[in-house]
Amino acid sequence: VNQQSQITSFFSKT
Amino acid sequence: MLELRLVQGSILKKVLEAIKDLVNDANFDCSATGFSLQAMDSSHVALVALLLRSEGFEHYRCDRNLSMGMSLTNMAKMLKCAGNDDIVTIKADDGSDTITFMFESPTQDKIADFEMKLMDIDSEHLGIPEAEYEAIVRMPSSEFARICKDLGTIGDTVVISVTKEGVKFSTRGDIGTANIVCRQNTSIDKPEEATIIEMQEPVTLTFALRYMNSFAKATPLATQVTISLSSELPVVVEYKIAEMGYVRYYLAPKIEE
Numbered sequence: 001v002n003q004q005s006q007i008t009s010f011f012s013k014t
Numbered sequence: 001m002l003e004l005r006l007v008q009g010s011i012l013k014k015v016l017e018a019i020k021d022l023v024n025d026a027n028f029d030c031s032a033t034g035f036s037l038q039a040m041d042s043s044h045v046a047l048v049a050l051l052l053r054s055e056g057f058e059h060y061r062c063d064r065n066l067s068m069g070m071s072l073t074n075m076a077k078m079l080k081c082a083g084n085d086d087i088v089t090i091k092a093d094d095g096s097d098t099i100t101f102m103f104e105s106p107t108q109d110k111i112a113d114f115e116m117k118l119m120d121i122d123s124e125h126l127g128i129p130e131a132e133y134e135a136i137v138r139m140p141s142s143e144f145a146r147i148c149k150d151l152g153t154i155g156d157t158v159v160i161s162v163t164k165e166g167v168k169f170s171t172r173g174d175i176g177t178a179n180i181v182c183r184q185n186t187s188i189d190k191p192e193e194a195t196i197i198e199m200q201e202p203v204t205l206t207f208a209l210r211y212m213n214s215f216a217k218a219t220p221l222a223t224q225v226t227i228s229l230s231s232e233l234p235v236v237v238e239y240k241i242a243e244m245g246y247v248r249y250y251l252a253p254k255i256e257e
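Now the structure itself:
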């Protein structure tokens, strides 16, 4: 099953 | 004091149409570099980054860095009132809670100003690392829009797969499946119709079509779109804005659990 990942798990807050 | 004059005001109209469905409210940042925005959609699956460089404006005055929160829906409503050939000037005074959009007809016989209320927006700013992408596809933006629209009628997700054969867009739905392959085509006489594939490694990634169709709203901004892919990284879908900058969309992939 494909789960939608989130942008925030690839790019961190500045 | 902020004063930005853009002779080709239609660019700003098109930018708003390209981002307003993805993001409701966002902070526009103004600095010596340019007029920019970074915002995520409400579910944090997609991110849009806009840059309009200061050199692209006929007049660019920004005395100090400013961040202005705006409802993109309301900003789009106001910019819709500008004619396609109008010159658009954005003005704001220091400490003001409003921004003014001034529209001048090319013959200067009609001048309108629209003042819009600003809003306070808490937004997270993300650092986007420089990445070497395994595959970069450049293709006509209208072709990409057509593919996303067509596949969206059949399935919810698109599998984008780049091999040395070309780039394949596939979907699967209740009614069946669809595969569209675009091969490299370096038409020399019509560069806007070229499809160019730079591949270091074959890559296959899955994305929600709903977002791809939302990104395709930027099609009027550029004849070509660039799709950059690496396994386990968000895809970057970039529309260059001639001589001014870009709209880049980042979309998190669907990952097998």
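Chains as they are written, first to last, in our numbering: chain R, 1 to 14; chain D, 1 to 257.
Cβ atoms here follow ideal geometry from the backbone N, Cα and C, with glycine treated the same way.
From a predicted model like this one, the values you see are computed outputs, not experimental measurements.
Classification of residue i by the beta-carbon crowding that lies within 10 angstroms, buried from 16 upward
i                : result
Cys81 (chain D)  : exposed
Met1 (chain D)   : exposed
Glu238 (chain D) : buried
Arg248 (chain D) : buried
Val236 (chain D) : buried
Val131 (chain D) : The sequence shown places Ala at residue 131 (chain D), not Val. Label assigned to Ala131 (chain D): exposed.
Asp86 (chain D)  : buried
Own chain residues within Cβ distance below 7 Å of residue i, not counting five before or after
i                : result
Met75 (chain D)  : Leu16 and Met116
Met244 (chain D) : Ile11, Leu52, Arg53 and Gly56
Arg172 (chain D) : Gly155
Lys179 (chain D) : According to the sequence displayed, residue 179 (chain D) carries Asn and not Lys. Once the five neighbours on either side are set aside, the close Cβ partners of Asn179 (chain D) are Lys168 and Ser170.
Contacting residues, own chain, Cβ-Cβ under 6 Å from residue i (five flanking each side not counted)
i                : result
Gly152 (chain D) : Leu209 and Asn213
Met199 (chain D) : Ala135 and Val162
Ala92 (chain D)  : Leu2 and Ile99
Met119 (chain D) : Gly69
Val203 (chain D) : Glu134, Ala135, Val162, Leu229 and Ser231
Ser67 (chain D)  : Asn27 and Asp29
Beta-carbon proximity list for residue i, same chain, < 8 Å, skipping 5 on both sides
i                : result
Gln184 (chain D) : Gly166, Thr195, Ile196 and Ile197
beta-carbon residue i near the ligand HEM non-hydrogen atom, thresh 7 Å
i               : result
Ile90 (chain D) : The ligand HEM is absent from the structure shown, which contains no ligands of any kind.
- request: Could you tell me which uninterrupted beta strand (DSSP E) segments, each at least 3 residues in length, are contained entirely in the region 79-141 of chain D, listed from first to last along the chain?
  value: 87-92, 98-104, 111-117 and 135-140
field: Complete beta strand (DSSP E) runs within the region 172-228 of chain D (minimum length 3 residues, chain order)
entry: 176-182, 196-199 and 203-208
Contiguous beta strand (DSSP E) assignments of at least 3 residues, all confined to the region 4-37 of chain D: 25-30
query: Are there three or more Cβ pairs, one per stretch, closer than 8 Å when the region 36-43 of chain D is compared with the region 222-237 of chain D?
result: no
query: Residues in the region 44-57 of chain D with C-beta within 8 Å of chain R's C-beta atoms, listed in sequence order?
result: His44, Val45, Ala46 and Leu47
query: What residue ranges within the region 47-81 of chain D form continuous beta strand (DSSP E) runs of no fewer than 3 residues, ordered along the chain?
result: 59-62 and 66-71
- prompt: Which residues, in order along the region 27-46 of chain D, keep a beta-carbon less than 9 Å from a beta-carbon of chain R?
  reply: Met40, Asp41, Ser43, His44, Val45 and Ala46
task: Compile a chain-ordered list of the residues in the region 225-254 of chain D whose CB is closer than 7 Å to at least one CB of chain R.
output: Leu233, Pro234, Tyr250, Ala252, Pro253 and Lys254
query: Of the residues that make up the region 128-152 of chain D, which ones have a beta carbon closer than 8 Å to any beta carbon in chain R?
result: Ile128 and Pro129
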